[in-house]
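The sequence shown begins at 122 in our numbering and counts up one residue at a time. Backbone N, C-alpha and C define an ideal beta-carbon position, used for all residues, glycine too.
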Amino acid sequence: MVRKQEARGSTLEPRMRIRDLLPDLFLGNHLPGPLNSLTDVSGIGISTQEITSTDGSINTGVTCITPRKDWFHKACYAGLFSFNGYGEMTGAHDIAENGLLYSPIILTGTFGIGAAHQGVLEYGVKTLDKSFMALPVVAETYDGYLHDCTCFAVTPKHVIEGLQSVKTGVAVEEGNSGGGNGMICHGFKGGNGSSSRRVKISYRDETFTVACMVQANYGAMKDLRIAGVPIGRILADEAQKDEKRKKAKEELEKAKEEKDGSIIIIIATDAPLLPHQLTRIAKRATVGVSRVGGIGHNMSGDIFLAFSTTNEIPVNQPRPVKGESKSTIEKVKVVEDSAMSSLFEGTADCVEEAIYNSLFMAETMVGLEGHKVEALPLKRVKEIMKEYGRAQLN
């Protein structure tokens, strides 16, 4: 997936996913799905909207994810994990209590979380049922270095329109898209990224998909690693030799120390898993984050949500007109715990790759007060990876 750099950036270097730039790089034992995206899990809908201004001070957006078409009446089993909880994901207590997801998932900037929450409720009341009642799942990362948060640019209307326009079977837009529009990752422009894995359970001759999407807005440049290569440290040392780049780097690092970023990770699978198993899946996102260089800084909101689309759990069903409602016994499918290790591995691998894709697809941005955040220099990354590989061989 190759995309040309927009003119707003300081370079015209084309953007591409990590597999396109480094086709020989080993990214795990499991192959990706056909889109290598969250939407490789059948039925998941996605839409992204960027919200900008002509003067460059507004750079935010909204990402809408629907776990299935009828998410309100057919819940998914879900689990979550907070690696470092300096952030917000509304609806999390309900998921922790009931193990159910019966809401769309909205990703946006910190100051957009209230409007996004209201947007889900307005959509439900106007589109689904006047008596609609749910606890919307809305998660945030802070985009205040490139975006003027005080404008409160996100409105409920953005979310309503986003939910009306979700599509299935299309890849997640990456980089400066949706809620990831104004985000920064490891000192470079970050944002949305996605990946998937087809995981075969050998002794049962079954194959499941595990996929994820990240809104990446965390980390220091010096900590960035690609397949173990200290790319960030090398690029940081090179930036020190250029006064202009050195100054920009120091300004960004100071701002991030005062208000550090976060990473939100949404994991989906068609493997039939129960809530406690999905919590275990969510925990394994930490492995992928750590491979890229994330450590869960003190002021970082690193919150991970996992859900399974296989079992359809009836919720919000109409009550009988007469008489008392009767409880029913639901039969569900479930993968035994002995098969979980392969799914853990697939989760870690696709989270790692999704973060790479957020960096590789993001474009240089000049935003609020002229703040400039460069895109990861892909040509230089490729050179370093080759040089490092030769050095290791020698």
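Item, Value
"Which residue marks the beginning of the beta strand (DSSP E) containing Ile-388, and which one marks its end?", "383-390"
"Using 8 Å as the threshold, is the C-beta distance between Ser-158 and Ser-298 below it?", "no"
"Taking Val-335 and Val-320 to be in contact with their CB atoms under 8 Å, please state how far apart those CB atoms are, rounded to whole angstroms.", "Their Cβ separation, rounded to whole angstroms, is 19 Å, which puts Val-335 and Val-320 out of contact at 8 Å."
"Looking only at DSSP bridge pairs, what is Glu-378 linked to?", "Beta-bridge pairing links Glu-378 to no other residue."
"Locate the beta strand (DSSP E) running through Phe-193, then write down its first and last residues.", "Run containing Phe-193: none; DSSP gives neither H nor E here."
"I think Gly-240 touches Pro-277, with their Cβ atoms under 8 Å apart; what is that distance to the nearest whole Å?", "4 Å"
"With respect to the beta strand (DSSP E) encompassing Arg-170, which residues constitute its N-terminal and C-terminal limits?", "Per the sequence shown, the amino acid found at residue 170 is Gln instead of Arg. Note, Gln-170: beta strand (DSSP E), 166-173."
"Thinking Met-304 and Asp-264 are a contact (beta carbons under 8 Å), I'd like their distance in whole angstroms, please.", "6 Å"
"Should Val-183 and Thr-211 be called a contact, given that it needs their Cβ atoms to be closer than 8 Å?", "no"
"Please report the residue range of the beta strand (DSSP E) in which Leu-464 lies.", "First-last for Leu-464: 461-482, but that is the alpha helix (DSSP H), not the beta strand (DSSP E)."
"Using CA coordinates, which residue listed in Gly-296, Asn-419, Gly-422 and Glu-451 is at the minimum distance from Ile-434?", "Glu-451"
"Cα-Cα, which of Gly-311, Ala-357 and Ile-322 is closest to Glu-457?", "Ile-322"
"By the DSSP assignment, the alpha helix (DSSP H) with Asn-219 in it spans what residues?", "213-219"
"DSSP state of Glu-209, grouped into three classes?", "coil"
"Over the uninterrupted beta strand (DSSP E) stretch that includes Thr-328, give me the two end residues.", "327-338"
"If we count the other Cβ atoms within 10 Å of its Cβ and call it buried at 16 or more, is Asp-161 buried or exposed?", "buried"
"Using three-state DSSP, classify Leu-142 as helix, strand or coil.", "helix"
"Determine the direct distance from the alpha carbon of Phe-273 to that of Gly-290, and round the result to whole angstroms.", "32 Å"
"Could you give the residue range of the beta strand (DSSP E) that holds Ile-227?", "226-230"
"I'd like to know whether the C-beta atoms of Ile-172 and Val-275 end up nearer to each other than 8 Å.", "yes"
"Apart from the five residues just before and just after Leu-249, which ones in its own chain have a Cβ nearer than 7 Å to its Cβ?", "Phe-193"
"For the alpha helix (DSSP H) that Gly-78 lies in, which residues bound it at each end?", "Because residue 78 is not part of the residues shown, which for the chain are 122 to 515, the question remains open."
"Three-state secondary structure (DSSP) at Glu-371?", "helix"
"I think Ile-165 touches Ile-186, with their Cβ atoms under 8 Å apart; what is that distance to the nearest whole Å?", "7 Å"
"Residues in its own chain within less than 7 Å of Gly-296 by CB, not counting five upstream and five downstream?", "Arg-136, Gly-312, Asn-313, Ser-479, Met-482, Ala-483 and Glu-484"
"Under 8 Å by Cβ, that's how I've got Phe-309 and Val-494 pegged, so tell me the actual separation to the nearest angstrom.", "7 Å"
"Measuring only the C-alpha atoms, how far is Lys-375 from Ala-369?", "10 Å"
"Using the three-state DSSP reduction, which class does Ser-252 fall into: helix, strand or coil?", "coil"
"Helix, strand or coil: which one does DSSP assign to Met-486?", "strand"
"Output the residue ranges of the beta strand (DSSP E) runs that lie fully inside the stretch 418-445 and measure 3 residues or longer, sorted by chain position.", "422-435"
"Under three-state DSSP, which class holds Ile-322?", "strand"
"Does the stretch 419-427 come close enough to the stretch 250-262 to have 3 or more Cβ pairs within less than 8 Å?", "yes"
"Ends of the alpha helix (DSSP H) at Gly-353?", "352-360"
"Would you call the CB atoms of Arg-325 and Ala-469 closer than 8 Å?", "no"
"According to the neighbour-count rule (16 or more other Cβ atoms, all chains shown, within 10 Å of its Cβ), is Val-472 buried or exposed?", "buried"
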